[in-house]
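Data block below; observations after.
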Amino acid sequence: MKKKSRLKVHQKVGLIIGGVVLLVLGTLSGIMVDGYLYGKDYRPNIASKVDIEHTSEIKTMKAVGRGIYDENGNRFDIKGVNFGNWLFCEGWMTINSIGPILNDDGTYKKVNGDGIVEEYEEMYQEEVDAILQERFTKEQLDTLYDAYYSSYCTEVDFKNIKSIGLNTIRLPMYYRNFMEGPDEQLVMKEKPFERLDWFLEMAKKYDLRVILDMHGVVGGQSGYEHSGTRDIDFWDNKVYQDEMCTLWKEIAKHYVTPISEGGRSDLSSTILAFDLVNEPVNRNTPSTGKKQWDVMDKMYDAIREVNKEHIVCIEGVWFFTSDPDPKKYGWENIMYQYHFYNWQENLVSNECVYDFNWATLSMADYDVPKYIGEFTFFDKEDNWIKWLNKYDEMGFGWTFWSYKTISVGWWDSSWGLAVQKMHLYNKDGVNYQDDVLKLDLRTASYEEILDAWSKEKTDDLSTPDVHEGPYRFDGVMYKVMNRYFNQK
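Positions 1 to 488 (this note's numbering) are the ones given, in order, by the sequence shown.
Here it is, written out as structure tokens:
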């Protein structure tokens with residue numbers, strides 16, 4: 001009698017692993033096919049005009065079905081840009097630093113062929129504030145920041161954005177633009193909205209709409225550099241949540257209150273939406289979840305106590321299947337926002353990434369407008385044109401990242417419409433005292449910082465031969481926008 005053939009242990013393990021792999025691949029294939037079909041066929045029925053019912057004398061933009069409409073009921077397709085690094089700094093975008101990244105032997109971690117030091121320590125807004133507060137008086141700090149704010153953003157920038165063909169600005173903000181005191185006992189500043197009022201006045205003058213984006217909340221929402229702090233305490237701290245509810249309530253009230261009563265209701269129609277929290281996800285978790293939705297619901301309710309007119313924009317990252325049905329929370333007049341980044345563009349095609357994005361969107365496809373608040377296609381001009389057209393076909397509004405940035409080497413000119421190319425050429429990779437580096441806020445003198453921060457202006461596109469500042473329109477992003485709008 002023949003012996004039964006028995007599989008050895010390693011063969012059984014191999015079969016199990018193989019089965020799991022096949023199951024995963026089959027599931028992924030199904031997801032990708034679903035995503036491809038969703039992207040191919042998704043064409044929402046967005047009317048060109050609707051009847052808008054305003055519940056007060058304040059007339060604002062509205063979300064109706066899957067469309068955005070202006071105060072007169074005309075369809076409004078968001079085509080815009082983020083104005084990052086003005087009210088809220090991100091280290092890689094700025095001329096400032098807290099020092100280059102060094103190897104153990106004191107040499108620079110990364111230097112390119114031109115001797116340009118390319119990698120600097122992460123620079124969080126909270127840490128920048130602490131460094132400067134330790135070094136300078138309050139009067140000096142006020143002078144420094146006034147110089148920076150009034151130089152980095154001027155009327156010319158609004159004129160430029162309009163002339164390119166864009167119609168919307170997403171403005172990243174930080175809670176300390178409006179509040180002061182210890183994080184546990186924050187109060188509103190004496191004139192919290194003075195600078196924001198000016199920004200909206202300029203936007204209104206050039207017929208631009210503005211999405212107010214709370215990029216950094218008290219306690220930190222994610223722990224990433226762009227949240228302003230390394231902490232991730234916001235989602236579990238009721239005091240911090242209540243403070244952000246207070247802030248959003250004050251902002252929402254200010255822009256529906258008449259000038260005669262201290263508000264700026266004359267700017268209400270310039271505001272497109274209140275964007276509650278940028279990228280609301282703990283960096284240690286894969287996507288926005290119930291904890292985040294519940295907290296954002298509190299902020300939504302705080303806004304609606306004083307302002308039922310403006311659109312509220314609610315973000316979900318990075319897997320969109322978790323986006324809740326708005327009916328669950330009773331959300332009305334809202335817009336859902338997504339951020340699309342393919343950080344492995346050289347390894348994974350945009351088609352694959354977007355098919356996956358479309359698939360996850362299809363699993364949470366509610367009757368609300370969809371808006372891509374941040375994205376890039378790096379230096380691939382044809383990809384930019386292809387996917388911008390795709391967004392338009394699918395009825396998605398968009399604001400790319402960002403209007404202004406710097407380039408110190410490997411960061412190319414695809415991250416900003418206006419780019420300051422910092423020619424920080426050095427002899428070699430040795431840490432010499434006289435090497436040319438970004439402005440180090442730990443050691444630069446008050447006069448050096450004031451001088452640098454006073455020279456952050458952008459070129460005026462209407463006078464290309466006149467250079468009032470170091471930011472030029474000669475990079476990938478500017479070429480892409482010209483191509484895109486010339487085809488329309």
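Ideal Cβ placement from N, Cα and C applies to all residues, glycine included.
Pick out whichever of the options has its Cα sitting closest to the Cα of residue i.
i: Ile232; options: Arg283, Cys245 and Thr246; result: Arg283
i: Val256; options: Lys205, Val476, Thr55 and Lys380; result: Thr55
i: Ala302; options: Phe340, Asn82, Ser260 and Glu243; result: Glu243
i: Glu71; options: Glu57, Lys421, Ile52 and Thr107; result: Ile52
i: Leu276; options: Lys298, Glu261, Lys370 and Ile259; result: Lys298
i: Tyr391; options: Asp183, Tyr484 and Gly262; result: Tyr484
i: Asn328; options: Lys290, Glu184, Gly115 and Lys386; result: Checking the sequence shown, residue 328 turns out to be Lys, not Asn. Checking every option, the nearest Cα to that of Lys328 belongs to Lys290.
i: His467; options: Gly475, Lys457 and Val476; result: Lys457
i: Lys238; options: Lys253, Tyr206 and Gly220; result: Gly220
i: Glu190; options: Asn357, Ile78, Gly262 and Val480; result: Gly262
i: Phe193; options: Ala252, Cys313 and Gln420; result: Ala252
i: Leu132; options: Pro464, Asp465 and Ala444; result: Ala444
i: Thr60; options: Asp114, Ser362, Lys308 and Glu184; result: Lys308
i: Gly469; options: Asn342, Cys153 and Val210; result: Cys153
i: Cys313; options: Asp236, Thr463 and Ala273; result: Ala273
i: Lys339; options: Asn357, Val210, Glu155 and Tyr145; result: The displayed chain sequence assigns His, not Lys, to residue 339. Out of Asn357, Val210, Glu155 and Tyr145, Asn357 has the C-alpha closest to the C-alpha of His339.
i: Arg75; options: Asn45, Asp104, Gly113 and Ile58; result: Asn45
i: His254; options: Tyr446, Gly115, Leu196 and Asp142; result: Leu196
i: Gly115; options: Asp440, Met422, Glu447 and Leu439; result: Met422
In chain order, what residues of the same chain have a beta carbon less than 7 angstroms from the beta carbon of residue i, not counting five sequence neighbours either side?
i: Phe473; result: Leu417, Ala418, Asp459 and Leu461
i: Asp323; result: Gly316, Tyr336 and Ala364
i: Tyr432; result: Caution applies to Tyr432, whose pLDDT of 49 falls short of 50 and renders its modelled position unreliable; the model cannot decide the point.
i: Lys249; result: Ala302, Ile303, Glu305 and Val306
i: Lys204; result: Leu267 and Thr270
i: Ser454; result: Ala147 and Ser151
i: Met188; result: Phe178, Met179 and Glu250
i: Ala452; result: Ile95 and Leu439
Less than 6 angstroms between C-beta atoms, sequence neighbours within five positions excluded: which residues of the same chain meet that for residue i?
i: Pro172; result: Gly84, Phe88, Asp213 and His215
i: Tyr403; result: Val81, Phe83 and Leu417
i: Val480; result: Glu381 and Trp384
i: Phe396; result: Lys370 and Ile372
i: Val50; result: Val64, Tyr69 and Gly73
i: Ile211; result: Arg170, Leu272, Ala273 and Asp275
i: Asn160; result: Leu461
Label residue i either buried or exposed according to how many other C-beta atoms from any shown protein chain fall within 10 Å of its C-beta, with 16 as the threshold for buried.
i: His226; result: buried
i: Trp86; result: buried
i: Ser349; result: exposed
i: Glu393; result: exposed
i: Leu347; result: exposed
i: Ser269; result: buried
i: Ala130; result: exposed
i: Thr137; result: exposed
i: Asn278; result: buried
i: Glu90; result: buried
i: Gly330; result: exposed
i: Pro280; result: buried
i: Trp492; result: For the chain, the structure presents residues 1 to 488; residue 492 sits outside this window and is missing.
i: Asn486; result: exposed
i: Glu374; result: buried
i: Lys488; result: exposed
i: Lys386; result: exposed
i: Thr463; result: exposed
i: Asn482; result: exposed
i: Gln185; result: exposed
i: Asp207; result: exposed
Which whole-angstrom value describes the C-beta separation of residue i and residue j, a residue pair presumed to lie in contact below a C-beta threshold of 8 angstroms?
i: Met123; j: Phe158; result: The Cβ separation is near 27 angstroms, so there is no contact.
i: Asp367; j: Arg66; result: 6 angstroms
i: Pro47; j: Ile334; result: A small fix is needed here, since residue 47 is Ala in this sequence, not Pro. Ala47 to Ile334, Cβ: 18 angstroms. No contact.
i: Ile259; j: His310; result: Not really, about 18 angstroms apart at Cβ, beyond 8 angstroms.
i: Thr246; j: Glu126; result: The Cβ separation is near 20 angstroms, so there is no contact.
i: Glu119; j: Gly99; result: Actually they do not touch by this definition, with Cβ atoms about 11 angstroms apart.
i: Leu437; j: Leu424; result: 6 angstroms
i: Ser287; j: Phe319; result: 4 angstroms
i: Thr285; j: Tyr341; result: Between Tyr341 and Thr285 the Cβ distance is about 17 angstroms, and since that is not below 8 angstroms, they are no contact.
i: Thr321; j: Thr168; result: At roughly 27 angstroms, the Cβ-Cβ gap does not stay under 8 angstroms, so Thr321 and Thr168 are not in contact.
i: Gln140; j: Tyr446; result: 6 angstroms
i: Ile58; j: Ser265; result: 6 angstroms
Quick check: is the beta carbon of residue i nearer than 7 angstroms to any beta carbon in chain C?
i: Glu447; result: Absent from the structure is chain C; it holds one protein chain and no more.
Considering only residues of the region 224-303, which uninterrupted alpha helix (DSSP H) runs meet the minimum length of 4 residues and lie entirely inside it, listed in chain order? Taking only runs of at least 4 residues, the alpha helix (DSSP H) segments lying wholly in the region 224-303 are 238-254.
In chain order, each alpha helix (DSSP H) run of at least 4 residues that lies wholly inside the region 369-426: Annotation: the region 369-426 contains the following complete segments of the alpha helix (DSSP H) (minimum length 4 residues), in chain order: 381-393.
Alpha helix (DSSP H) runs wholly inside the region 103-172, at least 4 long, in chain order: List check, alpha helix (DSSP H) in window: 125-135, 138-152 and 155-164.
Report the residue ranges of all alpha helix (DSSP H) runs contained in full by the region 306-361; include only those spanning at least 4 residues, in chain order. Counting whole runs of 4 or more residues, the region 306-361 contains the alpha helix (DSSP H) stretches 326-329.
Taking only runs of the alpha helix (DSSP H) that begin and end inside the region 174-232, which ones reach a length of at least 4 residues, in chain order? Segments of the alpha helix (DSSP H) lying fully in the region 174-232: 194-205.
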